[in-house]
Amino acid sequence: MPRKKVQTHSVDDAQDLLAVAQRKRAGKQAPAAVQTSRKKAGEREESVSRGDSDPWNAHSGDDDTRRGADWPTFLLTAVAVVVIVLTGMSLRMAPPAAQHTEVLAPDGVPTDLMREWLRGFHDSELLFRRPDAQTLDAFAAYLRNRTAVDEVHSVRLRHHHQAGRHPMKLAIDVTLHRPMLPVMLANGERAWLGERGHILPGILPGPSDRPLVRGIEYADGSIVDEIVAVWPQLHTRLHRTMPGLIREIHAHAPLPNSDDHGVIFTTSPGTVLVWGNPEESRYGVSREQRLSNLIHTLRSQGDLRRVPEINVRFHEPFAVVASQPR
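Following this line, the structure appears as structure tokens:
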């Protein structure tokens, strides 16, 4: 039988065989490498901006470049979100726009009197809701007709430097009549007699230690004017030597031995000072002469507890003197 020829291989052939085996081994591992590459690319897909190119074929170098290019966009987006959040918070925390007006009481006007004026104004609600010029003019005219008001200087809106966030203020500048003497009205209500003869609200502040006026509702204008003119002079002359002597002033008192009514002063010792009616000056007794006669008679009588009456209606004043003090 023929013998098979045994082929012998050289060293070079062995090296060739090793190379072939390595190539086969590399060929079997190649699909796994591709699969691994696809898996890694798929893992990066969520953070990569998708374009027209297939992300599965993206090279690792291109992916790193694209990731670096996205950092400015990310920062700008984050800054924008922070700005929007802070703006929303500031708008939520900002005070609402003011839609009302705060009315300021003028100097010297009690709060209760100011409230009374506001209640009496026919468009008072408009004063608290950004009143227009017509409403302000109407309110100024209304104030001029108040008995306590002497003059209205201005009624204007005062704007806050932060417009829309704080209420505007309605500033009122008026001059009031000055109270001179307290008055007790017939209904028991207290009031003031002003320096110009006006009957003023009793809520106004006024001087103390002044005589109380009674019966002024029944007195005519000439009587009121007489009291307003006489009292300051009488107070000045009596204040140093006989302070607090006059306790009450009766504006419509019956005059002794007469059917007329006039002014009578009552004193703390009980002496009645009969002043009379201003119309009696036509008989030749002026106001200045009556005043001088009254002061002279008061100072010359001594103890007034023994003098129930002093009358200065006539040219010659006289005093009624009692034998015993009361």
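Quick note: to get my numbering, add 647 to the position in the sequence shown (first position is 1). Cβ coordinates follow ideal geometry from the N, Cα and C atoms, glycine included.
- The alpha carbon of W922 has as its nearest neighbour, out of H897, P916, R946, M815, the alpha carbon of H897.
- Taking every protein chain shown into account, the CB of G841 has 16 or more other CB atoms within 10 angstroms, so this residue is buried.
- Within the DSSP bridge table, the entry for F965 names N958 as partners.
- The Cβ atoms of I863 and V830 sit closer than 8 Å to each other.
- When secondary structure is reduced to three states using DSSP, E842 falls in the coil class, being assigned neither helix nor strand.
- DSSP assignment within the segment 849–900 yields the following whole alpha helix (DSSP H) runs of 4 residues or more, N-terminal first: 868–885.
- DSSP links T914 through a beta bridge to I893.
- Note: G909 is bridge-paired with A900 in the DSSP secondary-structure output.
- Separation of H886 and L938 (C-alpha to C-alpha, rounded to the nearest whole angstrom) is 14 Å.
- S801 is bridged by DSSP to D820.
- By the C-beta density criterion, E926 is exposed, having fewer than 16 other C-beta atoms within 10 angstroms.
- Judged by beta-carbon spacing, A876 lies within the 8 Å limit of R934, meaning their Cβ atoms are closer than that value.
- In the structure shown, E836 falls within a coil segment according to DSSP collapsed to helix, strand and coil.
- Relative to the Cα of L945, the nearest Cα in the group D906, P890, P901, A900 belongs to P890.
- Judged by DSSP in its simplified three-state form, G767 adopts helix.
- Of the candidates P852, T888, G835, L828, L828 places its Cα closest to the Cα of D872.
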